[in-house]
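Residue 1 is where the sequence shown starts when you use our numbering, and the numbers rise one by one after that.
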Amino acid sequence: MARVLIIDDEPNILLMLKKMLERSGYVVDMAINGKEGLELFAKFPADLIITDIVMPEKEGLETIREIKKDHPHVKIIAISGGGRIDSTEYLASARLFGASRIFQKPFKQKEIVAAVKELLSEQ
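Structure follows, in structure tokens:
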């Protein structure tokens with residue numbers, strides 16, 4: 001069974017994604033920032049990571065870069081609602097750092113589930 005790690009500092013997004021992915025049959029871990037996400041990934045390696053970009057402590061671009069450096073096979077979906085700059089710029093950077101898919105918040109739940117299924121079937 002595939003394991004998905006969700007990293008987002010918004011509890012409602014974490015819970016919504018967790019419920020949705022568990023209903024689709026995935027094992028789901030959650031972290032509230034990149035630092036916690038990397039610690040969790042070290043203990044429970046995920047097949048796919050969904051990460052927000054703008055977060056306290058360790059943001060998503062840095063998290064993507066660190067994961068891809070040591071685990072280039074891991075699929076990553078980046079999500080962003082923006083921050084100091086427009087979310088499209090953050091997401092373009094996420095793509096450069098190795099994100100397989102990018103989504104702007106708010107996103108459609110079924111689009112995220114479809115992307116997870118598609119990316120995990122490529123392994």
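Backbone N, C-alpha and C fix where the C-beta goes; we use that ideal spot for every residue, glycine too. Given the structure is predicted, the values throughout are model-derived calculations rather than measurements.
Query, Result
"Looking only at DSSP bridge pairs, what is residue 80 linked to?", "104"
"Report the residue ranges of all alpha helix (DSSP H) runs contained in full by the region 16 to 76; include only those spanning at least 4 residues, in chain order.", "34 to 43, 60 to 70"
"How do the region 61 to 80 and the region 109 to 119 stand: do at least 3 beta-carbon pairs fall below 8 Å, yes or no?", "yes"
"In terms of alpha-carbon separation, which member of 91, 38, 106, 110 lies closest to residue 13?", "106"
"Put residue 85 into one of helix, strand or coil per three-state DSSP.", "coil"
"So if DSSP puts residue 5 in a beta bridge, which residue, or which two residues, is it bridged to?", "29, 49"
"For the pair the region 90 to 105 and the region 27 to 34, tell me if three or more CB-CB distances fall below 8 Å.", "no"
"With DSSP as the reference, label residue 111 as helix, strand or coil.", "helix"
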